[in-house]
Amino acid sequence: SILVVGSSNTDMVIKSAKFPDPGETLLGGTFFMFPGGKGANQAVAAARLGGDVTFIAKLGNDIFGQQALQQFQKEGIHTDFILTDPQHPSGVALITVDAKGENTIVVAQGSNGTLTAEDLTQAEKEFERTDTVLLQLEIPIPTVVRAAELAAKAGKKVILNPAPATTLPETIFKDLYLITPNRSEAETLTGLSVRDASAISAVSKWFRDKGVQKVVITLGSEGAYVHDERGGRYIAAPRVQAVDTTAAGDVFNGALAVALAEGSSLDEAVQFANRAAALSVTRMGAQSSAPYRHELTTLL
Ligand code: ADP
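Take a look at the structure:
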């Protein structure tokens, strides 16, 4: 089973021919509202791909929080450890998607910001019960650090998707089985550039020297770069027509957790994650674009 500790947001998306410049107002295209948040997206992606998923999160006492909870239940996610913050609104993300399917995102974290390390105490047994713990950085960093600690202490595999990238305390790295930055997150975290093959291998080495066991750097349409004790290699993604890359990384990470929890090798898990994420970029939305397991057979 998979334990996801992370954020839940409501995504408000406008399609636009281009991104606005500072001070510019654009008339965009269609407006969409979707459930999102990296934690929720990854939990839903994992559940749709066949994972037995428990989600720990904090919602606001408002319509957005209620809708999110209902959505998780509909997806078959265990919601026993989802908390409500009576004082803060649920998280909201404002997203712009351009003609190429690229996106910009601003998040008001709301109740995601009050999920504390102490809140994890109620779920300590869950860390012992699960196989894999999947984390991101849209909740307070001390909470992420504590979750990694609890999981590592229980001997569980911790996957950290370090998004959005921010400075991490050095102590977290030794608790990580796997870190999964995209290109820009890898650059922000290490201070190194990820331009070519030798640069990417240096970035992976940076993480491994800090104690992370395995590294997967996602490379958009190029798939992902994997680095572990066997060295580094590229694993290509299927070619698709990208419509909206929102949550591609989330689907990738949810899929990776499912495959690893099922006992797949890292390379197999990355292949599976590439297929799931590639399919998700052919559709609009975050959680709504996450594929079901049976859909993967039609790709490739
Ligand atoms: P993020 O969405 O976090 O910025 P990436 O852009 O690296 O991360 O995308 C994550 C994963 O999604 C990639 O490793 C790949 O599997 C898949 N993906 C993203 N964009 C494309 C694309 N245009 N074609 C095929 N797969 C894609």
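Numbering-wise, the UniProt record's numbering comes out as the position in the sequence shown, counting from 1, plus 4.
Virtual Cβ for every residue (Gly too), placed ideally from N, Cα, C.
A quick note: this is a predicted structure, and the numbers were derived from the prediction, not measured.
DSSP beta-bridge partners of His231: Val219, Gly236
Runs of beta strand (DSSP E) wholly within the region 124–208 (minimum 3 residues, chain order): 136–139, 161–164
Alpha carbon of Ala203 to alpha carbon of Phe276, nearest angstrom: 25 Å
Whether Asp271 touches Val219 by CB criterion (8 Å): no
Val244: CB within 7 Å of a non-hydrogen atom of ligand 1: yes
Same chain, Cβ closer than 6 Å to Leu30, neighbours up to 5 away in sequence not counted: Ser20, Pro24
Of the residues Val262, Asp213, Met16, Leu7, the one placed nearest Thr175, counting alpha carbons only: Asp213
Where Ile86 falls: helix, strand or coil (DSSP): coil
Ala167: CB within 7 Å of a non-hydrogen atom of ligand 1: yes
Gly80 - DSSP class collapsed to helix/strand/coil: coil
Inter-residue Cα distance where the pair is Leu164 and Ile99: 23 Å
Close Cβ partners of Ala246 (< 8 Å) along its chain, the five nearest in sequence each way excluded: Lys104, Gly105, Ser225, Val285, Thr286
Local conformation of Thr118 per DSSP, three classes: helix
Segment contact, 8 Å Cβ cut-off, at least three pairs: the region 71–82 with the region 119–126: no
Near ligand 1: Ser225 beta-carbon under 7 Å from a heavy atom: yes
Residue span of the alpha helix (DSSP H) that contains Asn65, given as start and end: That residue, Asn65, is in no alpha helix (DSSP H); it is neither H nor E in DSSP.
Distance cut-off 7 Å: Gly69 Cβ against heavy atoms of ligand 1: no
Beta-carbon proximity check, Gln140 vs Lys62, cutoff 8 Å: no
Paired residues, beta bridge with Val17 - DSSP: Phe36, Ile99
Any non-hydrogen atom of ligand 1 within 7 Å of Asn116 CB: no
Spatial distance of Ala50 from Asp56 (CA atoms): 8 Å
Residue 3 to Ile18 span [Cα, whole Å]: Shown here, the chain extends from 5 to 304; a query on residue 3 therefore has no answer.
7 Å CB neighbourhood of Leu53 in its chain, flanking five on each side removed: Gly258, Ala259, Val262, Ala280, Arg297
Secondary structure of Phe23, DSSP reduced to three states: coil
Ser197 burial status per 10 Å Cβ neighbour count (16 or more: buried): exposed
Nearest-angstrom Cα separation, counted from Val162 out to Met37: 31 Å
Three-state class that DSSP yields for Ala277 in the structure shown: helix
First and last residue of the uninterrupted beta strand (DSSP E) at Val9: 6–9
Contact belief for Asn13 with Ala97 at Cβ below 8 Å, rounded distance in angstroms: 5 Å
Ligand 1 heavy atom lying under 7 Å from the CB of Asn186: yes
Gly69 beta carbon less than 8 Å from that of Gln94: The sequence shown places Ser at residue 94, not Gln. In contact: Ser94 and Gly69 (Cβ atoms closer than 8 Å).
Closest residue to Asp248 among Pro173, Thr301, Ala201, Ile109 (Cα-Cα distance): Ile109
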